[in-house]
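Numbering-wise (the working numbering), the sequence shown opens with residue 2 and increments by one. Every residue, glycine too, gets a C-beta built ideally from N, C-alpha and C.
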Amino acid sequence: MLLVASYVFYGAWDWRFLSLIWISTILDYICGIKIYESIDFKKRRLFLFLSILGNLSILGFFKYFNFFAANIQKLLGLFGVSVNPNFLNVILPVGISFYTFQTMSYTLDIYRKQMKPTRKLLDFALFVAFFPQLIAGPIERAKNLLPQVLKTRKVTVEKFLEGFRLILWGLFKKVVVADRLGIYVDAVYGNVHHHSNITFILATSFFAFQIYCDFSGYSNMARGLAKVMGFDLMVNFRNPYFAKNIKEFWQRWHISLSSWLKDYLYIPLGGNRKGFLKTNRNIFITMLLGGLWHGANWTFIVWGMLHGIYIVGTKIVQAALEKIIKDKKRNNIISKMLNTLITFIIVSLAWIFFRAENLNDAFYILRSIFSFPEYLFIEGVALGHITYSLMGILVVILVEYRSRNNTTGDVLQFKSMVAQWAVYYLVIFGVIFFGVYGGEQFIYFQF
Numbered sequence: 002m003l004l005v006a007s008y009v010f011y012g013a014w015d016w017r018f019l020s021l022i023w024i025s026t027i028l029d030y031i032c033g034i035k036i037y038e039s040i041d042f043k044k045r046r047l048f049l050f051l052s053i054l055g056n057l058s059i060l061g062f063f064k065y066f067n068f069f070a071a072n073i074q075k076l077l078g079l080f081g082v083s084v085n086p087n088f089l090n091v092i093l094p095v096g097i098s099f100y101t102f103q104t105m106s107y108t109l110d111i112y113r114k115q116m117k118p119t120r121k122l123l124d125f126a127l128f129v130a131f132f133p134q135l136i137a138g139p140i141e142r143a144k145n146l147l148p149q150v151l152k153t154r155k156v157t158v159e160k161f162l163e164g165f166r167l168i169l170w171g172l173f174k175k176v177v178v179a180d181r182l183g184i185y186v187d188a189v190y191g192n193v194h195h196h197s198n199i200t201f202i203l204a205t206s207f208f209a210f211q212i213y214c215d216f217s218g219y220s221n222m223a224r225g226l227a228k229v230m231g232f233d234l235m236v237n238f239r240n241p242y243f244a245k246n247i248k249e250f251w252q253r254w255h256i257s258l259s260s261w262l263k264d265y266l267y268i269p270l271g272g273n274r275k276g277f278l279k280t281n282r283n284i285f286i287t288m289l290l291g292g293l294w295h296g297a298n299w300t301f302i303v304w305g306m307l308h309g310i311y312i313v314g315t316k317i318v319q320a321a322l323e324k325i326i327k328d329k330k331r332n333n334i335i336s337k338m339l340n341t342l343i344t345f346i347i348v349s350l351a352w353i354f355f356r357a358e359n360l361n362d363a364f365y366i367l368r369s370i371f372s373f374p375e376y377l378f379i380e381g382v383a384l385g386h387i388t389y390s391l392m393g394i395l396v397v398i399l400v401e402y403r404s405r406n407n408t409t410g411d412v413l414q415f416k417s418m419v420a421q422w423a424v425y426y427l428v429i430f431g432v433i434f435f436g437v438y439g440g441e442q443f444i445y446f447q448f
C-alpha cells in the first residue's frame, strides 16, 4: 500500500516521470544483485559502472542538457565557430536529484561490501520512492531505510506525538516564516535594479532564513510523516546558523547531501590523505559539484565554488592563527559569537548567487551592498510583512537555540504537559493567523 501511495503521490505531479523512477529502481535492483554475486573484480566494476552511468545519464539529460548545449555554443562562438544546437523543451522531473543520489548509494555500498542486496523488488522500490522524502529528501541511505521497509513496524503513542510535533514545527517554519520572508525577498530579487544596499542586505538576510525555514521545514514534515508511519528518517539540519565556522556549517546544513558528497566523492578523490594541495583540490571539486547538483545555472556553480574557497580559506587562516595565537582561552563566549556572526555573513553573501536569477544580478547586488544606503522599504511590501518576518525569525532562533543539544530535531517537546499543550496551541494559532497561503512550493522542489 505504501508503494502504491508513493507512486500516486509522485504521479500527481506528472505521471510520465514515474517511468524514470521505475528505470532507476530496476537498474539498481539488478546491478546490486550482480555486484554482490560477482566474484570477478572486473564484473563488479562493470555493474557498478552501469548503475552510475544509467543514473547519471538520466539526471544529466533532464537537468543539464540545455545548460551544457548553450555553454558549448557560446564557447565555440569565441573561436568563430557558429553552431545551432537543438535545444529541447525538457521538463525537470521533481525530486530527480534526490532519488538519483539515494538509489546510487545503494549500489555503491554493495560494491564496498558495506551491505547485502535485497531480493525483494517491491521493498526496494519502496526504498527508492518512499513518498515523505521522495521530493526533497532527506537523501536516505539504504543501510538506514531499507531494513525499516523490510521489518514489521509498530507505531507507538510516543512516536505518533513526536511525528505530530515535527510536522507542526515544519509547517510553522514553512507558512509562517519562510513564505512571509519570501514576499520581501521576491520583491527585491525580482527587480534588482530598483533597490539599494540596505534593501539588499535585509533581503539577503531574509533569504538566508527563508531557505533554511523552507527546506528544514520540509525535512521536519517528511520526518514527522514517516515517524507517524513507524519510520525513522535521518536528521537533515542541526541549527546550521549557530555554526562557528564554514566546515561546521556543512556538518549542520543539508546533512544528507553533505555526508553523501563526503562519502561518495570527497573520500574516493583522496580526502585529506594526499597532502595539503590535493586535499584542498578535493574540497574544491566536491563543493563545485555540490553546487552543480543544485541546478543547471552558473549561479549555483559559483555558489559551490565560493563554499569551496571558504572551507579552504578557513583552514589556512585557522592554521596561521594557531601559530600566532597560543592562548587557548581565546575560544570564549565572545569569540564564539563573533565566529558565528562571521560565518553567517559569508554564508549569506554566498546565498546571493543561489537566489539571483543570473550572475549579472548577483554581482550587481554585491556591488550595491558595499555602496551608500538609500532606503529600506519598497513599494508593494507593507511594513507589517517586515515586522512579522523579523518576529518569525526571532521565534525560530529562540526555539532552536533552546533545543540546540537535541539530537532528534524534536524542538517542540516539553516535559510539562501544560507547557506542551500550550506550545501546540500557540504554534497552531501562529500557522492559522500568521501563515502566508498562496501556493508557494518548497524551494528545493526545483532540484
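Distance from the CA of L51 to the CA of L109, rounded to the nearest whole angstrom, comes to 12 Å. The three-state reading of DSSP puts P139 in coil, since its state is none of H, G, I, E or B. Burial state of E163 is buried, judged by a 10 Å Cβ sphere holding 16 or more other Cβ atoms. If the five residues before and after Y100 are omitted, its C-beta is found closer than 8 Å to the C-beta atoms of I22, S25, V129, A130, L135, all from its own chain and listed in chain order.
Annotated three-state conformation of W254 is coil, per DSSP. With fewer than 16 other beta carbons inside 10 angstroms of its own, I433 counts as exposed. Per the C-alpha coordinates, the member of D29, G296, D187, W304 positioned closest to I53 is D29. For Y8, the uninterrupted alpha helix (DSSP H) segment begins and ends at 3-15.
A straight-line Cα-Cα distance of about 24 Å links F63 and F125. In this structure, the beta-carbon distance from P139 to L4 does not fall below 7 Å.
Shown here, G291 sits in a helix according to DSSP, grouped into three states. Secondary structure in the stretch 25-76: no alpha helix (DSSP H) run of 4 residues or longer lies completely within the stretch. By the neighbour-count criterion, in which 16 or more other beta carbons inside 10 Å mark a residue as buried, Y107 falls on the buried side.
In chain order, I111, K117, P118 place their CB closer than 8 Å to the CB of Y37, counting only its own chain and leaving out the 5 sequence neighbours on each side.
Look at S417 here: in three-state DSSP terms it is coil, with no helix or strand label. Contact annotation: Y65 and A363 have beta-carbon atoms that are not nearer than 7 Å.
Less than 7 Å divides the Cβ of V95 from the Cβ of W14. Taken through DSSP and simplified to helix, strand or coil, A297 comes out as coil. Excluding the 5 residues flanking it on each side, A179 has same chain C-beta neighbours closer than 7 Å at Q211, C214, D215, G218, in chain order.
In the three-state scheme derived from DSSP, where H, G and I count as helix and E and B as strand, G231 is classed as coil.
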